[in-house]
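A.B. asks:
There are 2 protein chains.
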Amino acid sequence: MSIRKISGGVCAARGFKAAGVPAKIKYEGRNDVALVVADAPCAAAAVFTTNAVAAAPVLYDRVVVKGGKVQAILANSGCANACTGEAGYKDAELSALATAGELGISPKHVLVASTGVIGRRLPMDRLLAGMKDAAGKLARSEEAGLAAEKAVMTTDTKPKQAAVQTKIGGKTVTVGGMCKGSGMIEPNMATMLGFITTDAAVTPAMLRRALKLAIAVSFNHVVVDGDESTNDSVFLLASGAAGNAVIDKAGADFDAFVEALTAVGVALAKQMAADGEGATKYVEVRVKNAKTQRDADRAARAIAKSPLAKTSWFGKDPNWGRVLAAAGYSGAQVVDRKAEVFYGKAWAYRKGQVADAAQLAKLEKEMQGPELVVTVDLHLGTYESTIFTCDFSLDYVHINADYTT
Amino acid sequence: MSIRKISGGVCAARGFKAAGVPAKIKYEGRNDVALVVADAPCAAAAVFTTNAVAAAPVLYDRVVVKGGKVQAILANSGCANACTGEAGYKDAELSALATAGELGISPKHVLVASTGVIGRRLPMDRLLAGMKDAAGKLARSEEAGLAAEKAVMTTDTKPKQAAVQTKIGGKTVTVGGMCKGSGMIEPNMATMLGFITTDAAVTPAMLRRALKLAIAVSFNHVVVDGDESTNDSVFLLASGAAGNAVIDKAGADFDAFVEALTAVGVALAKQMAADGEGATKYVEVRVKNAKTQRDADRAARAIAKSPLAKTSWFGKDPNWGRVLAAAGYSGAQVVDRKAEVFYGKAWAYRKGQVADAAQLAKLEKEMQGPELVVTVDLHLGTYESTIFTCDFSLDYVHINADYTT
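Protein sequence lines correspond, in order, to chains A and B.
If you count the first sequence from 1, you need to add 567 to reach our numbering.
If you count the second sequence from 1, you need to add 567 to reach our numbering.
#1: Taking DSSP as the reference, what is the three-state secondary structure of Q920/B?
#2: If you measure beta-carbon to beta-carbon, which residues of the stretch 871-883 of chain A are closer than 9 Å to chain B?
#3: Take A613/A as the anchor and find which of A654/A, P771/A, G888/A, M839/A has the nearest alpha-carbon.
#4: In angstroms with no decimal places, state the Cα-to-Cα distance between V620/A and A899/B.
#5: Is it the case that the stretch 589-601 of chain A contacts the stretch 861-878 of chain B, given that we only count it when at least three CB pairs across the two stretches are under 8 Å?
#6: Only counting the same chain, and skipping five residues up and downstream in sequence, which positions put a Cβ closer than 6 Å to that of V769/B?
#7: Is any beta-carbon of chain A found at less than 8 Å from that of I685/B?
#8: Applying the 10 Å Cβ sphere with the 16-neighbour rule, what's the burial state of D923/A?
#9: Could you say which of V854/B, A915/B, A876/B lies nearest to L945/B if we only look at CA atoms?
#10: Distance, Cα to Cα, T956/B vs T942/B?
#11: With a floor of 4 residues, list each alpha helix (DSSP H) that falls wholly inside the stretch 570-649 of chain B, ordered by position along the chain.
#12: With a threshold of 8 Å between beta carbons, is C646/B in contact with chain A?
#13: Answer yes or no: do D766/B and A580/B have a C-beta to C-beta separation smaller than 8 Å?
#14: With DSSP as the reference, label F881/B as helix, strand or coil.
#15: Compare the C-beta of L678/A with all C-beta atoms of chain B and state if any pair is closer than 8 Å.
#16: Measure from the alpha carbon of G743/A to the alpha carbon of each residue in V940/A, K572/A, E933/A, then state which is nearest.
#17: Could you check which residue in Q638/A, A809/A, A623/A, L891/A has the C-alpha nearest to that of K738/A?
#18: Considering only residues of the same chain and omitting the five flanking positions on each side of D606/B, which have a CB-CB separation below 6 Å?
#19: Between G712/A and M745/A, which are expected to be in contact by the criterion C-beta below 8 Å, what is the C-beta distance as a whole number of angstroms?
#20: Of all Cβ atoms in chain B, is any one closer than 8 Å to the Cβ of W887/A?
#21: For L828/A, which residues from the same chain have a beta carbon less than 6 Å from its beta carbon, with the 5 sequence-adjacent residues on both sides left out?
#22: Looking at the secondary structure, which residues open and close the beta strand (DSSP E) in which V890/A lies?
#23: So, at 7 Å on beta carbons, what are the nonlocal neighbours of I954/A in its own chain, with the 5 sequence-adjacent residues on each side left out?
#24: What's the gap between the Cα of L670/A and the Cα of E660/A?
#25: What are the boundary residues of the alpha helix (DSSP H) that K657/B is part of?
#26: Please go through the stretch 762-840 of chain A and give each complete alpha helix (DSSP H) segment of 4 or more residues, from N-terminal end onward.
#27: Is any beta-carbon of chain B found at less than 8 Å from that of C650/A?
#28: Considering Cα atoms alone, identify which of P608/B, G668/B, G635/B, A718/B is closest to V588/B.
#29: Are M977/A and T722/A touching if we call contact CB-CB under 8 Å?
#30: Might you give, ordered along the chain, the residues of its own chain that have their beta carbon closer than 6 Å to the beta carbon of L689/A, omitting 5 neighbours on each side?
#31: Which bits of chain A does Q728/B rub up against, with CB to CB less than 7 Å?
#32: Taking a contact to mean a Cβ-Cβ separation below 8 Å, would you say K705/B touches A585/B in this structure?
#33: On the three-state DSSP scale, how would you describe L927/A?
#34: Which bits of chain B does Y916/A rub up against, with CB to CB less than 7 Å?
#35: Consider the Cβ of V801/B: report whether some Cβ of chain A lies at a distance smaller than 8 Å.
#36: Across which residues does DSSP place M745/B in a beta bridge pair?
Here it is in structure tokens:
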């Protein structure tokens, strides 16, 4: 299967329009209401936060998505509509109904998504005015996709989009998406707000299965701070406009689709990690040759979550002891006399041997750049796991001490 | 049972001497080698890190403590003697043997403890010179106890000691201790370096049981950054000098002893949390009325570990949404419409109701001081849990980005 990266986001696949507008939900002069709209009802799948405190839009969407068909998503930043009780649920429902009315589509086919401060009611007048404004600006262009992406950003410093093309049954299929990430990212099932569209023809059941597989190695492998939010959601809409034979079972077509979807998921996941709150460095943690898959995942995740390891990356300090200690308390089998730790291509610790001055100089060089690969080779088996993460900087504390209530 | 707080640390109980001296293990002009020595072999118990990457002194001590008798502990800061392989194990063994020789006691009764940088060999010449120096300065005084405590501190900014007295079978029993904490604190069984002495007469078996009970609600309820170290150890030595009838089974005497031991453990635990790396605020997280004990523990721990909650405490921001969200992803049952969140005595969130401007003013007032109690009332059952923790400040990042390799 050959996958080709292309530019664009939610408008890359045929059959989708988007818009993003400023509606003063929280701040002046920035986009904060987005619409993603399909030409016709699409097969749809979604994965939501496993947090017991789920936001109103998540509670609402869980019901909608069970129907398997979606035509529009209304999203806003600046207000999470979480911990807002019955009234908040009604706000979510009302915004979906109003969107359906404005677009002339079935209210059963509209999802809503919110991100921002917890415990505040949605400013419904401004949200609905923004939705109407966005509906009038819907377009099938890269600019429209980017405007929608900008409207879902919170503390994100960069827009995050990715798109790929592949061939399925002789037809060119496109998968594209956008997401917001930044803080509160420790995906466990779902993670953040993600919107992926495709023109592949896929049944809702196979779409759910594909999304689960792709998320398992992309969004679910991003760690910023270990906090899982109340609003995390990833949506996947398939228009079928590519004209491929409907994917309704496992097989080569399904595998090709999952591969393309995973490529988009991983590209978005890496962008999220690199733009983690206050991040100065994108870090990829790779645990190799673990005894079991669970050991590999646990060790990699523990390293990526360790504040001590993360601050050492920020300080450009090859403190491999913290990395190995995190693997050690993860629950994974670790035998320190067999293990190795690398920063980039340079080893820091090798089966009991510790870096000397010459090796330390190499290590410090590896830590200077904006990207760092930290590898732990456990030499106990054949399993591996990669986590996409970032360092922990002074700015993380600044951002989160000052973010408002 | 009435428990009375008294001053002092490891020398508070009868039968123990201590000393702390500077030996240039890592830095100039500060104590870094300590001895705690009993007049005769004591009943002993210890709890060690569960980290799979355990330091050489931990591996060595596990064997020694199985004998149930200990007379001396040699401790150093500046070098953890972790990930140092066979050679590091021999260093630990040799320092215990040398200490026994210097003190004229059995080498089977000597424990060793190290804290500091991982992956460096102990500077044996300086360590042994320091040990001899300390042996010559052993004294039964508060000053000697404090000198020993200062020698085990790393990034600790304050010495941590606590002592209490109680009556057991008509005799006055004293329990006293010292500890080092600061970073890398997420106790799971053991936590940091803790040294507790008592003049109670207790069998090794009952001492182990008492230590386990006391640690479960004290050291194991401290969270600073969620990292469990390679060296965490808590030692408990009982001289029997109080002259009480030997505690060799469960009953009133055992309960009284556990109560006194727990009081010392909790006092040390709170000091550790308050002096967490970079902490500007001591925070006590209380989860009340959880459905199960496990739910209460999980929710309190998740809140105490959440970087988002911790940075909001640093920023004096009553961001209860992050607190409730952390409870939500902890795995505990949480129903946000039934829950309440308090900062000090002021409520921030009450069963769907959110603080208005007047209430926010009260909340901001509660967050100004050096101590903060964050309470989450789940209203789902009768179980509760308290975690001792601190905020997450800019200085945490400074300290850990700059701490050396």
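Ideal placement from N, C-alpha and C gives every residue a C-beta, glycine not left out.
C.D. replies: By the coordinates alone:
#1: The count along the second sequence starts at 1 and reaches residue 920/B at position 353. DSSP places Q920/B within a strand segment (E or B) once states are collapsed to three.
#2: Taking 9 Å as the Cβ-Cβ cut-off against chain B, the residues of the stretch 871-883 of chain A that qualify are K872, S873, P874, L875, A876, K877, T878, S879, W880, F881, G882, K883.
#3: As a working mapping, residue 613/A is identified with position 46 in the first sequence. For A613/A, the nearest C-alpha among the options comes from P771/A.
#4: For the purposes of this step, residue 620/A is taken as residue 53 along the first sequence, with counting starting at 1. For the purposes of this step, residue 899/B is taken as residue 332 along the second sequence, with counting starting at 1. Rounded to the nearest whole angstrom, the C-alpha separation of V620/A and A899/B is 10 Å.
#5: Counting C-beta pairs with one atom in each stretch, the stretch 861-878 of chain B and the stretch 589-601 of chain A have fewer than three that are closer than 8 Å, which means they do not touch.
#6: In the second sequence, counting from the first residue as 1, residue 769/B sits at position 202. So the list reads A610, A805, I814, once near-sequence residues are dropped.
#7: Your numbering for residue 685/B matches position 118 in the second sequence. Chain A contact via Cβ: present.
#8: The sequence position of residue 923/A within the first sequence is 356, counting from 1. The residue is exposed, with fewer than 16 neighbouring Cβ atoms inside 10 Å.
#9: Here residue 945/B refers to the residue found at position 378 when the second sequence is read from its first residue. Taking only the C-alpha atoms, the option nearest L945/B is V854/B.
#10: Numbered from 1 along the second sequence, position 389 holds the residue referred to as residue 956/B. Numbered from 1 along the second sequence, position 375 holds the residue referred to as residue 942/B. Rounded to the nearest angstrom, the gap between the Cα atoms of T956/B and T942/B is 13 Å.
#11: Runs of the alpha helix (DSSP H) lying entirely within the stretch 570-649 of chain B and spanning at least 4 residues, in chain order: 623-633.
#12: The residue you call residue 646/B lines up with position 79 of the second sequence. Closer than 8 Å: no.
#13: Within the second sequence, the letter at position 199 stands for residue 766/B. Within the second sequence, the letter at position 13 stands for residue 580/B. Yes, they are a contact pair.
#14: For this step, residue 881/B is matched to residue 314 along the second sequence. Here F881/B carries a helix assignment [DSSP, helix/strand/coil].
#15: Position 111 of the first sequence, counted from the first residue, corresponds to residue 678/A. By the rule that beta-carbons nearer than 8 Å mark a contact, L678/A does not touch chain B.
#16: One-based indexing of the first sequence puts residue 743/A at position 176. Of the listed residues, the one whose Cα sits closest to G743/A is K572/A.
#17: Taking the first residue of the first sequence as 1, we reach residue 738/A at position 171. Comparing Cα positions, the closest option is A809/A.
#18: For the purposes of this step, residue 606/B is taken as the residue at position 39 of the second sequence. Answer for D606/B: G582, listed in chain order.
#19: As a first step, residue 712/A must be located in the first sequence, where it is residue number 145. As a first step, residue 745/A must be located in the first sequence, where it is residue number 178. Distance from G712/A to M745/A at the Cβ level is roughly 7 Å; contact confirmed, criterion being Cβ atoms closer than 8 Å.
#20: In the first sequence, residue 887/A corresponds to position 320, counting from 1. Against chain B, the CB of W887/A has a partner CB under 8 Å away; the residue lies at that interface.
#21: On the first sequence, position 261 is the one that residue 828/A refers to. Counting only Cβ-Cβ distances below 6 Å, and skipping sequence neighbours, we find V742, A777, A781.
#22: Along the first sequence, read from residue 1 onward, the residue named residue 890/A stands at position 323. Boundaries around V890/A are those of the alpha helix (DSSP H), 887-896, since no beta strand (DSSP E) includes it.
#23: Taking the first sequence and counting its residues from 1, one reaches residue 954/A at position 387. Excluding sequence neighbours, I954/A sits near H788, V790, V852, A867, R868, A871.
#24: Taking the first residue of the first sequence as position 1, residue 670/A is located at position 103. Taking the first residue of the first sequence as position 1, residue 660/A is located at position 93. Computed Cα separation, rounded: 16 Å.
#25: Here residue 657/B refers to the residue found at position 90 of the second sequence. Here the alpha helix (DSSP H) through K657/B covers 652-670.
#26: 771-783, all fully within the stretch 762-840 of chain A.
#27: As a working note, residue 650/A is residue 83 in the first sequence. It does; some Cβ of chain B falls within 8 Å.
#28: The residue you call residue 588/B lines up with position 21 of the second sequence. Checked all of P608/B, G668/B, G635/B, A718/B; the closest Cα to V588/B is A718/B.
#29: Lying outside 568 to 972, the shown extent of chain A, residue 977/A is not represented and no answer is given.
#30: Working through the first sequence from its first residue, we reach residue 689/A at position 122. Contacts found: C646, N648, D658.
#31: As a position in the second sequence, residue 728/B is number 161, starting the count at 1. Within chain A, no residue comes near Q728/B; the closest Cβ sits about 26 Å away, beyond 7 Å.
#32: Along the second sequence, one-based indexing puts residue 705/B at 138. Along the second sequence, one-based indexing puts residue 585/B at 18. In the sequence as presented, Lys is not what sits at residue 705/B; that position holds Leu. Yes, the pair counts as a contact, with Cβ atoms nearer than the cut-off.
#33: As a working note, residue 927/A is residue 360 in the first sequence. Of the three classes helix, strand and coil, the one that applies to L927/A here is helix, per DSSP.
#34: As a first step, residue 916/A must be located in the first sequence, where it is residue number 349. Within chain B, the residues near Y916/A are C650, G686.
#35: Your numbering for residue 801/B matches position 234 in the second sequence. No, V801/B lies away from the interface with chain A (no Cβ there is under 8 Å from its Cβ).
#36: Walking along the second sequence from the start, residue 745/B turns up at place 178. Answer is Q728/B, F762/B, bridged to M745/B.
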